[in-house]
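Here the sequence shown is numbered in the numbering used here, starting from 17 and rising by one per residue. Every residue gets a Cβ at the ideal spot worked out from N, C-alpha and C, and that includes glycine. Everything numeric in this text was worked out from a predicted model, so none of it was measured.
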Amino acid sequence: MERVLPSAVSVGIEKMIEFAYSFEPYCAPTVVLVPSFVKEGVKSLAQTVGQDVETLEYLLGLLICYPLGMIMLSLPHGKIKHLFSFLLGAFLLQFTIGIQWIHQLISSLVAYAMFLILPSSLAKTVVPVFMMIYITAGHLHRQYINYLGWDMDFTGPQMVLTMKLYSLAYNLYDGEQIRKGKEDRAAKKCADVAVTSLPGIIE
């Protein structure tokens, strides 16, 4: 990819990537939900079945969702269910994309801080813009370091998170409009999915 870019641009991009990667030693200790013996077992299994580790981890992650999803369905609605959902999601991210799960954690926390600080009329624009910039940077990074290649990275889950937080930003705005009696046509149309108060951070 650097061959089609001016050298000054390539150097600048390389420096930004190096800066981002310099945080890796601080992020590595956050991967705590997947024991090392599980990772080693998956590597051994991948060699046995002749499959690459990333694909096998993703497949196993999908299959694990079925029994764990049944457990989640049996839990009563409330804090316990939300905590289980959070831990399950964090485990699956750490299992399938490892240290890169930090992108979901950081972008979620930044978006949540925006929801707390900004009025919903502003957050409905700022949060989606932030999330779109984040995912765009992720895709550009992937194109730069692995042009036309394939690997399992954080951009797949990040796209899902972008859609969810994008929707939440507008749902909160609609909820506030309805609560204040300032319903516009869009708020009325989306009243059934409007959110009147910011959910807890685990939710």
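- A straight line joining the alpha-carbon of I96 with that of P41 spans about 32 Å.
- Taking 4 residues as the shortest admissible run, the stretch 116–183 contains the following complete alpha helix (DSSP H) segments, listed from N- to C-terminal end: 118–133 and 136–161.
- Counting only residues of its own chain and dropping the five nearest sequence neighbours on each side, L61 has a CB closer than 7 Å to the CB of L72.
- Contact check for M130 against Y182 fails: the beta carbons are separated by 8 Å or more.
- The distance from the Cβ of Q193 to that of H119 is about 32 Å, inconsistent with a contact at the 8 Å cut-off.
- Pairing I151 with T178 gives a Cβ-Cβ distance under 8 Å.
- Note that the stretch 151–165 does not touch the stretch 97–104; fewer than 3 beta-carbon pairs, one per stretch, sit closer than 8 Å.
- D169 sits buried, since 16 or more C-beta atoms from the chains shown fall within 10 Å of its C-beta.
- Between T64 and V54, the alpha-carbon positions lie close to 15 Å from each other.
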